[in-house]
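Accompanying notes for the structure given below.
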Amino acid sequence: MNTLAYKGSTVLTENAHIPGDFASELSDCQSEETAIRAVGISKVYKLYKRKLDRLKESLHPFRKKYHVDFYALRDVSFELKKGQTIGIIGKNGAGKSTLLQVLTGVLTPTTGVVYRTGRISALLELGAGFNPELTGLENVYFNSTLMGYSKKEIDEKIDDIVSFAEIGDFADQAVKTYSSGMFVRLAFAVAINIDPDILIVDEALSVGDIRFQQKCFRRFREFKEQGKSIIFVSHDMGAVKNFCDIAVWLKDGSIHHFGDPILVSKHYFSFMCYDSLTTGDDTTKETQTIDTKSDTSENDSMWEDVSGYSSFGEGGAEIERVTLINRKTGERVDALNGGEDVCFIVEGRATQPIAHPGIGIILKDIYGNFMFTVNNYMYNISIKPLNPSDKIRVEFNFVFPKLKNGHYTFTASISDGTLETHIQNHWVHDAYLVRLVNNDIRYKMGCYVILDDVDMKVDFK
1396 MNTLAYKGST VLTENAHIPG DFASELSDCQ SEETAIRAVG ISKVYKLYKR
1446 KLDRLKESLH PFRKKYHVDF YALRDVSFEL KKGQTIGIIG KNGAGKSTLL
1496 QVLTGVLTPT TGVVYRTGRI SALLELGAGF NPELTGLENV YFNSTLMGYS
1546 KKEIDEKIDD IVSFAEIGDF ADQAVKTYSS GMFVRLAFAV AINIDPDILI
1596 VDEALSVGDI RFQQKCFRRF REFKEQGKSI IFVSHDMGAV KNFCDIAVWL
1646 KDGSIHHFGD PILVSKHYFS FMCYDSLTTG DDTTKETQTI DTKSDTSEND
1696 SMWEDVSGYS SFGEGGAEIE RVTLINRKTG ERVDALNGGE DVCFIVEGRA
1746 TQPIAHPGIG IILKDIYGNF MFTVNNYMYN ISIKPLNPSD KIRVEFNFVF
1796 PKLKNGHYTF TASISDGTLE THIQNHWVHD AYLVRLVNND IRYKMGCYVI
1846 LDDVDMKVDF K
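Numbering (this note's numbering), first residue to last: 1396 to 1856.
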């Protein structure tokens, strides 16, 4: 067995550095079923306020401390068995990439030990292990050699690698001429086709197109069926839930939740939504309602200000705020049973001329599956052109579908063009959070609801 152990100056000298029951299980780390076991992994960086402080600390006669310890990882322990896939989730900066670098041996942990069995192939970041001046074929040999494979082994796999990458004649061109999509296809083709025992992928597939992503997941499944292991870092909760056997939620360098991917994903999603929606005061947006005696357009408490939310677009128009109203009560709603008569309102403004405005909303479940999508293009509703500084308000009136209990989010967008061809001016991810809370509802997961009767009202200000 090819077992590599990494340790710092204090690790393994006393069990205090190894948390939980893992200290008593070190003798079992050579289990034939274990692919990777991490025990008490910590990675500490010294942060100095000034460059001079590093020199002062090294020369101080009494070893005065001028730095602050920053824990990129703190006491991380887990085990991955052969044939399993583990999904690692967490916010940016949580320590995901650092953990993968430790597992692959790129980084040495400050304390802790890593046991691994067999060869590891890692796709840690776009461009790692590739020379932009070399051709695609030359980089296949170069990258594979860095991972410890002989020329004979690479020769046996080269046709499969080039075929999987689908880069055609570009295989003989310098990698610096590749698009990001071509680059990731080549890198993944190398990683998956050199027949590793453990595959590690760090969000790199987010660069590829949907067709290539599906192709990769099919290969992932084949990889698992061969009894091999995968460590998969992603922000896609749907992929983690549907593909992984175990999920690890890293928060501030430590394991916050570990276990069933569905449960871990739900905890993570709730944390991300409510953490981002918490305001400076003590009032949660879930309890805010509309003052029905006042003009709703002037009552800010009913609205979700989306200015700081995750979004993308070409510009020219922007969504400013959204809300969901129960048409019977006139109140803002964040929790529904399903079947209520509701109105989802989008307000925005143009900063450039928009010839053929398109306003739409999408409801997604916690895994990113589309429940339904609605826009004026779909229902042949034309909206007159917008001029710079024009404001627009669009109301979507419909009966909220009866869906499986859980959290859902509305995404809102403004575009310019037609249903088939348009420019996305502003797309706001997860603009509004809503919960379905009806214990009697039993519906299939991943459904896609088509709204037959939608009444849209467009007002200009």
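Note that beta-carbon positions come from the ideal geometry of N, C-alpha and C, so glycine has one too.
As the structure is a prediction and not an experimental result, all values here were calculated from the model.
Exposure of residue i, with buried meaning 16 or more beta-carbon neighbours within 10 Å
i, result
"Leu-1594", "buried"
"Ser-1422", "For Ser-1422, the pLDDT reaches just 44, beneath the cut-off of 50, and the residue's location in the model is therefore unreliable, although a value from the coordinates is still provided. Counting Cβ neighbours within 10 Å, Ser-1422 comes out exposed, since fewer than 16 surround it."
"Tyr-1573", "buried"
"Phe-1739", "buried"
"Lys-1852", "exposed"
"Asp-1854", "exposed"
"Gly-1703", "exposed"
"Gly-1675", "With a pLDDT of only 33 at Gly-1675, under the threshold of 50, the placement of this residue in the model should not be trusted; the figure read from the coordinates follows. By the neighbour-count rule (16 or more Cβ atoms within 10 Å), Gly-1675 is not buried but exposed."
"Asn-1771", "buried"
"Tyr-1774", "exposed"
"Leu-1719", "buried"
"Asp-1850", "exposed"
"Gly-1415", "With a pLDDT of only 46 at Gly-1415, under 50, the local geometry of the prediction cannot be trusted, and no value is derived from it."
"Leu-1447", "exposed"
"Glu-1620", "exposed"
"Gly-1654", "exposed"
"Asn-1487", "exposed"
"Asp-1811", "buried"
"Phe-1565", "buried"
"Val-1501", "exposed"
"His-1462", "exposed"
"Gly-1710", "exposed"
When the options are compared against residue i, the one with the closest alpha-carbon
i, options, result
"Ile-1761", "Asn-1792, Ala-1807, Val-1659", "Val-1659"
"Tyr-1440", "Gly-1513, Arg-1449, Thr-1816", "Arg-1449"
"Val-1829", "Trp-1822, Leu-1798, Gly-1703", "Leu-1798"
"Leu-1518", "Glu-1528, Leu-1541, Thr-1506", "Leu-1541"
"Glu-1428", "His-1462, Lys-1476, Ser-1472, Tyr-1461", "Lys-1476"
"Leu-1758", "Tyr-1803, Gly-1734, Val-1794, Arg-1788", "Tyr-1803"
"Ser-1558", "Ile-1431, Phe-1618, Arg-1616, Ala-1584", "Ala-1584"
"Gly-1753", "Gly-1725, Ile-1818, Val-1794", "Ile-1818"
"Glu-1715", "Ser-1575, Ile-1553, His-1824, Asn-1764", "His-1824"
"Ile-1787", "Ser-1808, Lys-1636, Gly-1812", "Ser-1808"
"Lys-1723", "Lys-1491, Ile-1556, Thr-1506, Phe-1793", "Phe-1793"
"Gly-1743", "Asn-1538, Pro-1783, Cys-1611", "Pro-1783"
"Thr-1813", "Met-1697, Thr-1499, Ser-1777", "Ser-1777"
Start-to-end residues for the beta strand (DSSP E) that takes in residue i
i, result
"Ser-1810", "1801-1812"
"Ile-1641", "1641-1646"
"Leu-1828", "1817-1831"
"Ala-1761", "The sequence as given places Ile at residue 1761; Ala does not occur at that position. Premise fails: Ile-1761 is in no beta strand (DSSP E) and is neither H nor E."
"Ser-1624", "1624-1628"
"Ser-1384", "Any question about residue 1384 goes unanswered here, given that the chain covers just 1396 to 1856."
"Lys-1876", "No answer is possible for residue 1876: it lies beyond the span of the chain, which begins at 1396 and ends at 1856."
"Ala-1712", "1712-1721"
"Glu-1742", "1736-1745"
"Leu-1781", "Per DSSP, Leu-1781 belongs to no beta strand (DSSP E) and is neither H nor E."
"Leu-1798", "Per DSSP, Leu-1798 belongs to no beta strand (DSSP E) and is neither H nor E."
C-beta atoms of residue i and residue j nearer than 8 Å
i, j, result
"Asp-1640", "Thr-1480", "yes"
"Val-1596", "Phe-1627", "yes"
"Val-1388", "Val-1509", "Outside the shown range of the chain, which is 1396 to 1856, sits residue 1388, and nothing can be said about it."
"Leu-1781", "Ala-1730", "no"
"Leu-1645", "Ala-1750", "no"
"Gly-1622", "Leu-1581", "no"
"Ala-1433", "Ser-1472", "yes"
"Met-1464", "Gly-1435", "It should be pointed out that residue 1464 corresponds to Asp in this sequence rather than to Met. Against a cut-off of 8 Å, the Cβ pair of Gly-1435 and Asp-1464 comes out as no contact."
"Pro-1527", "Ala-1569", "yes"
"Gly-1725", "Phe-1795", "no"
"Asn-1732", "Asn-1833", "yes"
"Ile-1587", "Arg-1614", "yes"
"Ile-1756", "Phe-1707", "no"
"Ser-1629", "Gly-1801", "no"
"Gly-1648", "Ala-1467", "yes"
"Tyr-1536", "Ile-1515", "no"
"Ile-1657", "Lys-1636", "yes"
"Glu-1699", "Val-1717", "yes"
"Ile-1589", "Ser-1624", "no"
"Tyr-1663", "Ile-1553", "no"
"Ile-1556", "Met-1577", "no"
"Val-1789", "Val-1741", "yes"
Terminal residues of the alpha helix (DSSP H) in which residue i lies
i, result
"Phe-1583", "1575-1588"
"Asp-1851", "It should be noted that the sequence gives Met, not Asp, for residue 1851. Not the alpha helix (DSSP H): Met-1851 falls in the beta strand (DSSP E), residues 1850-1855."
"Val-1535", "1531-1541"
"Thr-1506", "Counting along the chain, Thr-1506 falls outside any alpha helix (DSSP H), though it belongs to the beta strand (DSSP E) covering 1506-1511."
"Thr-1493", "1491-1499"
"Val-1701", "From DSSP, Val-1701 is part of no alpha helix (DSSP H); its letter is neither H nor E."
"Ile-1556", "1546-1560"
"Gly-1633", "1632-1638"
Uninterrupted alpha helix (DSSP H) stretches inside the stretch 1413-1482 (no shorter than 4 residues): Counting whole runs of 4 or more residues, the stretch 1413-1482 contains the alpha helix (DSSP H) stretches 1446-1454.
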